[in-house]
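A.B. asks:
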Amino acid sequence: MAVKKSKTHKATRANTKKTAKKAAKKIVQKKTIPISSQAVEKVYTKTELQRTLAGYAGVSKQDVGKVMDGLSKVVHNHIRKGGCGLIKLEGLMKIERVHKPAKKARKGINPFTGAEMMFKAKPAHNVVKVRTLKRLKEMVK
Numbered sequence: 397m398a399v400k401k402s403k404t405h406k407a408t409r410a411n412t413k414k415t416a417k418k419a420a421k422k423i424v425q426k427k428t429i430p431i432s433s434q435a436v437e438k439v440y441t442k443t444e445l446q447r448t449l450a451g452y453a454g455v456s457k458q459d460v461g462k463v464m465d466g467l468s469k470v471v472h473n474h475i476r477k478g479g480c481g482l483i484k485l486e487g488l489m490k491i492e493r494v495h496k497p498a499k500k501a502r503k504g505i506n507p508f509t510g511a512e513m514m515f516k517a518k519p520a521h522n523v524v525k526v527r528t529l530k531r532l533k534e535m536v537k
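For what it's worth, this note's numbering labels the leading residue of the sequence shown as 397, then goes sequentially.
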């Protein structure tokens with residue numbers, strides 16, 4: 397019996413891929429918008445807020461969106477169950493998780509009718525408290 401010999405192929409220039417050299421991207425710094433001291437008359441949407449912050453910082457709107465999403469995740473990790481329960485956004489606010497204990501059912505007087513009634517029991521739960529800090533309070537004055 398004859399043994400089959402396999403053919404070996406040598407790599408030729410036609411078979412090899414040529415990689416094109418990419419030109420280095422030029423980093424173009426965006427123009428920053430000076431921070432205005434005018435009062436804003438209507439509430440910003442998420443997109444308007446991102447556009448304004450991007451203009452102030454000189455970065456893209458997508459980057460600002462990523463920062464806002466990241467901030468949301470950081471706040472969640474701090475105040476969720478198992479987290480430390482407190483985060484400070486320096487000079488603006490303090491966000492805190494507060495545990496409310498369970499309340500038993502009790503008798504009371506309905507403030508509207510004056511009739512005696514039973515108030516339902518409430519289970520223990522966590523609530524979020526947001527406290528303003530000094531710099532934010534001064535902004536309102």
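Glycine is no exception: its CB is placed at the ideal position from the N, C-alpha and C atoms.
Give me the Cβ distance between R531 and L488, rounded to the nearest whole Å; I'm assuming they're in contact under 8 Å.
C.D. replies: Taking 8 Å as the upper bound for CB-CB distance, R531 and L488 are in contact here, some 7 Å apart.
A.B. asks: Could you tell me which residues DSSP pairs with F515 in its beta bridges?
C.D. replies: Residue pairing for F515: DSSP places it in a beta bridge opposite R502.
A.B. asks: Do you know whose CA, among L445, K499, C480 and K484, lies nearest L529's CA?
C.D. replies: K484
A.B. asks: Grab me the residues of G479's own chain with a C-beta within less than 6 Å of its C-beta, minus the 5 sequence neighbours each way, in chain order.
C.D. replies: N473
A.B. asks: Determine the direct distance from the alpha carbon of G504 to that of G466, and round the result to whole angstroms.
C.D. replies: 46 Å
A.B. asks: Would you kindly work out how many angstroms separate the C-alpha atoms of G451 and I429, rounded to a whole number?
C.D. replies: The alpha-carbon atoms of G451 and I429 are separated by roughly 5 Å.
A.B. asks: Have a look at V471, K516 and V460 and flag the residue whose alpha-carbon is nearest the alpha-carbon of K500.
C.D. replies: K516
A.B. asks: Going by DSSP in three states, T441 sits in which element: helix, strand or coil?
C.D. replies: Three-state result, T441: coil.
A.B. asks: On the three-state DSSP scale, how would you describe E534?
C.D. replies: helix
A.B. asks: Taking all protein chains shown into account, do 16 or more other C-beta atoms lie within 10 angstroms of the C-beta of Q434, making it buried, or fewer, making it exposed?
C.D. replies: exposed
A.B. asks: Expressed to the nearest angstrom, what Euclidean distance is found between the alpha-carbon atoms of M514 and N506?
C.D. replies: 9 Å
A.B. asks: Starting from the Cα of P519, find the closest Cα among K496, S468, G510 and E512 and give me that residue.
C.D. replies: K496
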